[in-house]
Amino acid sequence: MSQEPQRQTFFEFVDELRRRRVGRFAVGYGAVAFVVLQLAEIVFPAFGLGEHAMRVLVIAVVLGFLPALVLAWIFDITAEGIKRTEGGFDPRWPRLALLGVTLAVLGGLGSWLWANSVFGGLASGEALSSATVRREPIRSIAVLPLEDFSGGGAQASFTAAMHEELIAQLSRVPGLRVVSRTSVMKYRDAPLTAPEIGRELGVDALVEGSVTRTGSRVRVILKVIHAASDTPLETLEYEGPVTDPLALQRTLAHELVHRIQMAHREETFAAHPPVSADSSALEAYLRGQYALEEGTPEGYRDAIRHFQEALERDPRFAEALAGLAGARVLLDLEDRTLDTATARLALAEAQEALSLDTASMEALEVLSLLERALPQDTPTARTGGHRGHFVHLPGSADSIAVTAEAYDTARATHTTRIGQRLGERLGELEAASAGTATEGRTLRAERHLRAGRFADAADVARTIIAADPTVSAAWEILVRAAISERDLAEVVGIARAWSASDAAGAPTPEEVAELERRVAAEGMRGYWSWRLERLQRSVARGQPVRHTDLAAAYAGLGQRDEAIRELTEALRSGEPGLLALRSDPVWDELREDPRFVAIERQARNLWLRRGLAASVPKPGGG
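For the sequence shown, the residue numbers in this note's numbering are 629 to 1250.
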């Protein structure tokens, strides 16, 4: 067949496309689609619709293009309405070709979408809708920095306090891992999507929101988002007057806890009563908290002034009194010493704060830190030791005796802003006064690890190893930090470098090769099976092994009963590793187990409250 008739047919087909205005329609379709997508990008967030809804819209626009072209070829819009296009070049094969291309594209896109679980998740029961995701338990969550839309950052202290309160109240929920405030601050201006942030932090859900305050009124919007799918789970909005800022913050935080369906857990907690009835005292307290965050002598002096102002307006304001005690110590410690008179005054203020409000986390944390850190000759009003504690774990026949004094509060983490700041500062001084620089750095790395600041822990551990590669504890911290961030390639690399060092307990080259093989075959499970076998060999040789390390390996392998058994032994002996239960992702699969919830709660209560019963006067006492 000659090529001339084919060429003629092709040009006739192009002319027919022009006559039927198919090209013009294609351009118009593209323009309208662009406008629709731009509007959707603006409107969807206002209705709580995330990346998934936008993705579905884009797919719908793309899939609709070729079928629309077929309709544009067959029909035309006239003054009399839509009519079938008549006359001109009308061979059957162009219609069939367009129809065939349409079906092929639809089939190909449908197969790709199914394979990538965009629609296939519906068939397999994966969470795509808000209702479906909500049925999945939230075991870990991160509260991202809130946006301040008040204009010029005028309400930065209120917004920062709102952010801290959300983290503090969520941290009290049994069985929920909450990422530390330090770890989430880097995402304040990060151009990352929810799935990207969720993967980096290793969490099931994110909380994001905004605060807009004008005068005595405020608008707060908080959203709980399923991190992996960017699907909104819950939206909480409040707009109204602010007569009691801290009470409002706590009320919203408690409502958010209720909204994310934590009611199925063993323990719930009642809302904390308003901390002060005086709105001006609350405002002064918030300014004090914000000034404290500067971490400078000027900031501490401003914080003291604001806390004192709050107490002048409300002398029974426990949080302000605890903040004042902490700020005094922080200011005095700027020259790395602590005056005895300042120590006595701060301790008395912290004790009085807790007597005013025994449920105040600020007072609990400040007093616990001061009693541990102040000079030995400072009177603490203690009248006796609190060395033992009996606990009953769900599912066990008898209570177990726990050695409360074994808990090392030097390695503990804190939930309130004043507790975190004071704990960090005292930790720095402890590290500086440790027997060697290595001991001090190791203590700091352990504290970062237990607070969930895995990157910081790894940085300190690398500094230790660079100075002395024989420090086994630093290698252990480095591996645990990489595992917590789910970086298996990094874990294998660390193990290989560790094996080449002269550190005691380093894996042999054969063990490293076995680790590499298992990780390649089984992923994270491969690491934990390798880890468990190493620990069991150490036990068989009579070497000391921490129960928390064995429990972590069992948890990583999904062996819940064995993990709980080892955690119970760790609780009995007061292992400091229990202080990481809140922050370590390896425990996420156990967070719904009531036995784990009980162990986690007991571990925290024991280090925080040990000795306080003897040192704090009863409410209303002198």
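We treat Cβ as the ideally placed atom computed from N, Cα and C, and that holds for glycine.
Remember, predicted model here, so these are calculated numbers, not experimental data.
* To do: Report the three-state DSSP secondary structure of V846 (helix, strand or coil).
  => Translated into positions along the sequence shown, residue 846 becomes position 218. Here V846 sits in strand by DSSP.
* Do you know whose CA, among V1099, E836, E1220 and L961, lies nearest E1052's CA? -> Along the sequence shown, read from residue 1 onward, the residue named residue 1052 stands at position 424. Comparing Cα-Cα distances from E1052 to each of V1099, E836, E1220 and L961, the minimum goes to L961.
* **Alpha carbon of R1112 to alpha carbon of G1202, nearest angstrom** => Numbered from 1 along the sequence shown, position 484 holds the residue referred to as residue 1112. Numbered from 1 along the sequence shown, position 574 holds the residue referred to as residue 1202. Per the sequence shown, residue 1112 should be read as Ser rather than Arg. About 23 Å.
* CA-to-CA distance, A953 to A969, given in whole angstroms -> Taking the sequence shown and counting its residues from 1, the one referred to as residue 969 is at position 341. Taking the sequence shown and counting its residues from 1, the one referred to as residue 953 is at position 325. If I take the Cα positions, the gap works out to 12 Å.
* Asked: Which full runs of the alpha helix (DSSP H) of 4+ residues lie inside the segment 1097–1176, going along the chain?
  -> 1100–1112, 1116–1128, 1137–1150 and 1152–1168
* Have a look at E792, P1097, T787 and R827 and flag the residue whose alpha-carbon is nearest the alpha-carbon of D1130. => By one-based count along the sequence shown, residue 1130 stands at place 502. Taking each of E792, P1097, T787 and R827 in turn and checking the Cα distance to D1130, the smallest one comes out for P1097.
* To do: Quick one: using the 10 Å Cβ neighbour count with 16 as the cut-off for buried, is T842 buried or exposed?
  => Walking along the sequence shown from the start, residue 842 turns up at place 214. Of the residues assessed, T842 falls on the exposed side of the cut-off, its CB having fewer than 16 other CB atoms within 10 angstroms.
* Asked: Who are the near neighbours of W1126 in its chain, counting only those whose CB is closer than 7 Å to its CB and skipping five residues on each side?
  -> Reading the sequence shown from its first residue, position 498 is the one you call residue 1126. Hits under 7 Å: W1103, A1134 and P1135.
* Apply the 10 Å Cβ neighbour rule to S799 and answer buried if 16 or more other Cβ atoms are within range, or exposed otherwise. => As a first step, residue 799 is located in the sequence shown; it is residue number 171 there, counting from the start. Classification of S799: buried, given that the 10 Å Cβ count is 16 or more.
* Asked: Taking R847 as the reference, which of I853, V839 and H854 has the closest Cα?
  -> What you label residue 847 is simply residue 219 of the sequence shown in a count that begins at 1. It is V839.
* **Helix, strand or coil at I766 [DSSP, three-state]** => By 1-based counting over the sequence shown, the position of residue 766 is 138. In this structure, I766 counts as coil in the three-state DSSP scheme.
* How would you write the range of the beta strand (DSSP E) that Y866 sits in, first residue to last? -> Numbered from its first residue, the sequence shown carries residue 866 at position 238. Per DSSP, Y866 belongs to the beta strand (DSSP E) from T859 to P869.
* To do: With DSSP collapsed to three states, give me the class of V839.
  => Start at 1 with the first residue of the sequence shown, and residue 839 comes out as number 211. Strand.
* Count the CB pairs spanning the segment 1073–1088 and the segment 986–995 that are closer than 8 Å, and state whether there are at least three. => no
* Let me know if F935 comes out buried or exposed under the rule of 16 or more other beta-carbons within 10 Å of its beta-carbon. => On the sequence shown, position 307 is the one that residue 935 refers to. Its Cβ being crowded by 16 or more others within 10 Å, F935 is buried.
* **Own chain residues within Cβ distance below 6 Å of T787, not counting five before or after** => The residue given as residue 787 occupies position 159 in the sequence shown. Once the five neighbours on either side are set aside, the close Cβ partners of T787 are L774, D776 and V839.
* Which partner residues does K851 have in the DSSP bridge list? -> For the purposes of this step, residue 851 is identified with residue 223 of the sequence shown, where counting begins at 1. Its beta-bridge partners are E836 and T863.
* Per DSSP, what kind of secondary structure is D1251 in: helix, strand or coil? -> An answer regarding residue 1251 cannot be provided, because it is not within the stretch 629 to 1250 covered by the chain.
* Quick one: is P873 buried, meaning 16 or more other Cβ sit within 10 Å of its Cβ, or exposed? -> Numbered from its first residue, the sequence shown carries residue 873 at position 245. Buried: at least 16 other Cβ atoms inside 10 Å.
* Asked: Considering only the beta carbon of each residue, do A1179 and P1022 sit closer than 8 Å?
  -> Along the sequence shown, one-based indexing puts residue 1179 at 551. Along the sequence shown, one-based indexing puts residue 1022 at 394. Taking 8 Å as the cut-off, the beta carbon of A1179 is found no closer than this to the beta carbon of P1022.
* Asked: Between the C-alpha atoms of E926 and R915, what's the straight-line distance to the nearest angstrom?
  -> Counting from 1 along the sequence shown, the entry for residue 926 is found at position 298. Counting from 1 along the sequence shown, the entry for residue 915 is found at position 287. Answer to the nearest angstrom: the Cα atoms are 13 Å apart.
* **Given R767 as reference, the closest of G830, D1216 and T1196 once Cα atoms are compared** => Reading the sequence shown from its first residue, position 139 is the one you call residue 767. Among G830, D1216 and T1196, the Cα nearest to that of R767 belongs to D1216.
* Give the secondary structure of E775 by DSSP, where H, G and I count as helix, E and B as strand, and everything else as coil. => Position 147 of the sequence shown, counted from the start, is the residue given in the question as residue 775. If DSSP states are grouped into helix, strand and coil, E775 belongs with the strands.
* Asked: If we ignore side chains and look at the alpha-carbon of each, how far apart do G1250 and A981 end up?
  -> For this step, residue 1250 is matched to residue 622 along the sequence shown. For this step, residue 981 is matched to residue 353 along the sequence shown. Because the pLDDT of G1250 is 33, which lies under 50, any placement of that residue in the model is unreliable, and the number read from its coordinates should be weighed accordingly. Going by the C-alpha atoms only, they are around 12 Å apart.
* Range covered by the alpha helix (DSSP H) that runs through M790 -> As a first step, residue 790 must be located in the sequence shown, where it is residue number 162. Note, M790: alpha helix (DSSP H), A784 to S799.
* DSSP state of R1045, grouped into three classes? -> Here residue 1045 corresponds to residue number 417 of the sequence shown, with the count starting at 1. DSSP places R1045 in helix when its eight states are reduced to three.
* **8 Å contact criterion, which R845 and L864 should meet: CB distance rounded** => Within the sequence shown, the letter at position 217 stands for residue 845. Within the sequence shown, the letter at position 236 stands for residue 864. At roughly 17 Å, the Cβ-Cβ gap does not stay under 8 Å, so R845 and L864 are not in contact.
* To do: Can you grab the Cα-Cα spacing for the pair L861 / V807, in whole Å?
  => Taking the sequence shown and counting its residues from 1, the one referred to as residue 861 is at position 233. Taking the sequence shown and counting its residues from 1, the one referred to as residue 807 is at position 179. Near 19 Å, if we compare the C-alpha coordinates of V807 and L861.
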